[in-house]
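Residue numbers (the working numbering), protein chains in the order written: chain A, 618 to 1119; chain B, 618 to 1119. To keep things clear, I will list the structure first and then write my remarks on it.
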């Protein structure tokens, strides 16, 4: 009934895809409780407590969300070294392959208008442009807002409106690294409100992908929010995002289209503890953070909101994944997922609308390696690694203040013959591996081994996109640079293997 | 207005005083979200996010709640060694001094009927009996439910109804240590419901102190709840307590007295991580647990509930303490706190009813030492210690999986001249001490030093009650034992210094 209603009125989609930790929301126990809008979104919708990203790093998890496929399939990984996190810095040569079918490409065929606001991160060379992959509009940048650069050795990151750049970070879109002030979230908010108003006026169904990065280092907030949080600058950024999301939801309600708009909030990876406490958030009581395949790196805050369809204040223990947003959105739009390839996302509607629990595993990948798998409440680590001793001794710590002997290892440790098994209900912090000799271990591992074997035997990895780096491909002369007088001269092409340290 | 209304109708009080960690409630971010009744209590009342116990161990914090005074003042500490946690095991000679004025003693003068259900823990010798200290009724035990004992070297702990014992744990009140089954919480629930019904019938104001210990090791739950939690036996116990509290609140509502009954839920210390994962709970993202003066040991879940007076769904950042329940209850009863002694508790009504924030410090004591102090969002550690290397090497770990260099120390470390300072908003996990050289450190410590100096200069410690132990004082022959044929012969008196290892 709800499903049909959704279909007949062409449900629109909003996806808020942020970098926040599980524990950054008041609804998930952040002790300062500074996210009234997200908490209200949860109280009006459904809170997911067991929702995951497909990778503990931004580019691969964004590729996974938009393709419904694991990064190992869609190419967003590296084979330069074993089990290494890789992404799309400016010098990356690869990006989203044309052969991948993205959610907006499919929705477009069903009459949707698609907009991405914020960080694309699926490649910045011309062939990877989001408007070549199904989006109709874009406001944001292809890469992270790192900088400022000197425009000689390294160019500043461009900001695009649709096909062309309209300026660069630190030049036309300032981020004051000293004060943390930047009004970018306000611009991104306005972009969202305007787009929604236009879609409502034209009665077009839409897909809005709001993928902004104020909580990604370097963290920023606009003047109005600076200094307002108990949590410092990171908290200021969270407050501004929270406020913006509240305004977007209210806008949907004001326009009378909230009952036709399925909205989902989640995160691309766990909070970056390496940036804590000033620029890093909280993964609650979970182990470690971004870059790792512990719960702190991959379990994400998640809220589904769809007034009139999702009963208010529900909580779900459905094991979910960002890839499910692909399949769920297609289902709501009355479309079939592609049948010519393996899709890892599942349709969450039975969980969201009927409270069903669908049995499915969660795979935790780091680069080309399946590090762990969750089945029910059990999680088996086939490999453990936080980061190398070499990095750790330089002060790079993905698990600050946490040290679980034999688990948060700085040597890469293989457990493929005898995985470390945890019960995430009794032990969400992954501190107490089950005894190998226990009946519980044996029974559970038998079941998990079958699932893993099936997964690995049928796995056909895509061509790795994140292997080659070249300074010549940086954002020297993005389209539109001529009009702005912002074209820079690229250096000579020297393709090299990218170095991924962890 | 509310205040007057409260007074004129003789507000009754219910205090739920459990051993649960900050992170054990769904409302505080426990990922299994299995406390629907406590979460509802919070959504109908006020959630305190910055509420503390007076000591990271049960006896002293119970003494503090009932006297409104720090354990260092009311005698619930030891001087046998520096900064040691002490409590009231069976062989303790001391207990609550007659000179202390307990909340029920004061309320009694205003016509209240007072009942304690559960663990008294303020001394088990005749002069310390709760009915000699203001309570009118008691159902429960004087000590923890450890056992079973052989009744030769050590007697089993008695269970009292009012003046006399009605049986012993493991004999007449069974706890099956293998299965974890015990129906004690159901008995304690029934006691509460009956008491409330009688008070309502007689139109007497009452003070009900529900201080049960199902989540204290050895953890237990009744058959109906066993195996129902994702969290194992500890979670089963939490679910049963949650269910019981829901039933008590509904009972108040059904009897039409909820608007005349001020109810507070909190905990006597942080969850015991040493018992995790099977018998230990969660302190969320806070550092360490029970026995320590880190946030995990002393920040407690707390909810105030008073329909018609406290607006629904409020959150407070008021720094609160269990000692405030003494002062707040007196205030609601229209009574003055004693003026002949130092009272550490404050009246929380302005915070609860008018949303005010009252500036006050929180002192973190371990035995005879002030280990730390919180002022605003800052916490200064004057001493750090988790437990000794000797104990740690035996596997006793109050901070499993947590290790903050220089903070979770196994040697007792003095920082009195240069305290370790943390900002609990940016860093609730106490992982990142502020730089001593920073302007922030200097400014904050100047303020804190003044507060600490004033506190220490005016501190007059009470006579320590927890120094002497003697096997002869154990529960060999509690009053009423003759009727049951359960009197045991005490050994010869041999008073000795108690040994407190941490």
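For each residue, glycine too, the CB sits at the ideal point set by N, CA and C.
Chain-ordered neighbours of residue i on chain D, where CB pairs are closer than 7 angstroms
i                      : result
residue 649 of chain A : In the structure shown, chain D cannot be found, because the protein chains are A and B.
Length of the line joining the Cα atoms of residue i and residue j
i                       : j                       : result
residue 994 of chain A  : residue 787 of chain A  : 46 angstroms
residue 635 of chain A  : residue 679 of chain B  : 44 angstroms
residue 694 of chain A  : residue 1081 of chain A : 6 angstroms
residue 1097 of chain B : residue 639 of chain A  : 54 angstroms
residue 953 of chain A  : residue 854 of chain B  : 46 angstroms
residue 1055 of chain A : residue 1048 of chain A : 17 angstroms
residue 807 of chain A  : residue 737 of chain A  : 18 angstroms
residue 674 of chain A  : residue 705 of chain A  : 10 angstroms
residue 664 of chain B  : residue 724 of chain A  : 44 angstroms
residue 969 of chain B  : residue 1083 of chain A : 55 angstroms
residue 620 of chain B  : residue 760 of chain A  : For residue 620 of chain B, the predicted model reports a pLDDT of 40, less than 50, meaning its position is unreliable; a value from the coordinates is still stated below. Their Cα atoms are separated by approximately 58 angstroms.
residue 1059 of chain B : residue 858 of chain A  : 33 angstroms
residue 1120 of chain A : residue 896 of chain A  : Given that chain A is displayed from residue 618 to residue 1119, the structure contains no residue 1120 of chain A and the question cannot be resolved.
residue 876 of chain B  : residue 868 of chain A  : 38 angstroms
residue 1002 of chain A : residue 940 of chain A  : 24 angstroms
residue 1108 of chain A : residue 735 of chain A  : 28 angstroms
residue 880 of chain A  : residue 957 of chain A  : 28 angstroms
residue 973 of chain B  : residue 935 of chain B  : 8 angstroms
Cβ of residue i within 8 angstroms of any chain A Cβ
i                       : result
residue 994 of chain B  : yes
residue 1055 of chain B : no
residue 932 of chain B  : yes
residue 666 of chain B  : yes
CB contact below 8 angstroms: residue i versus chain B
i                       : result
residue 1050 of chain A : no
residue 1074 of chain A : no
residue 901 of chain A  : yes
residue 895 of chain A  : yes
residue 1045 of chain A : yes
Simplified DSSP state of residue i, which is helix, strand or coil
i                       : result
residue 778 of chain A  : strand
residue 836 of chain A  : coil
residue 911 of chain A  : coil
residue 1008 of chain B : helix
residue 734 of chain A  : strand
residue 983 of chain B  : strand
residue 1042 of chain A : coil
residue 784 of chain B  : strand
residue 648 of chain B  : coil
residue 631 of chain A  : strand
residue 799 of chain B  : coil
residue 1116 of chain A : coil
residue 855 of chain A  : helix
residue 1028 of chain A : coil
residue 882 of chain A  : strand
residue 793 of chain B  : strand
residue 639 of chain A  : helix
residue 938 of chain B  : strand
residue 823 of chain A  : strand
residue 686 of chain A  : coil
residue 1049 of chain A : coil
residue 1070 of chain B : helix
residue 669 of chain B  : strand
Which residues DSSP lists as bridging residue i, in chain order
i                      : result
residue 930 of chain B : Bridge partners of residue 930 of chain B: none, in fact.
residue 989 of chain A : A:981, A:998
residue 663 of chain B : B:921, B:931
residue 754 of chain A : A:732
residue 709 of chain B : B:1086
- Quick one: which residues of the stretch 844 to 856 of chain A get their C-beta closer than 8 angstroms to a C-beta of chain B? List them in chain order. Residues passing the 8 angstroms Cβ filter: 846, 847, 848, 849, 851, 852.
- Note down, in chain order, all residues in the stretch 999 to 1028 of chain B with a beta-carbon under 7 angstroms from any beta-carbon belonging to chain A. Here the close residues are 1017, 1018, 1019, 1020, 1021.
- Task: Scan the stretch 624 to 646 of chain B for residues whose Cβ lies nearer than 7 angstroms to a Cβ of chain A and list them as they occur along the chain.
- Result: Within the stretch 624 to 646 of chain B, the qualifying residues are 640, 645, 646.
- Query: For the stretch 902 to 915 of chain A, which residues have a CB atom closer than 7 angstroms to at least one CB atom of chain B, in sequence order?
  - Reply: For the stretch 902 to 915 of chain A, which is checked against every Cβ of chain B, the residues closer than 7 angstroms are 902.
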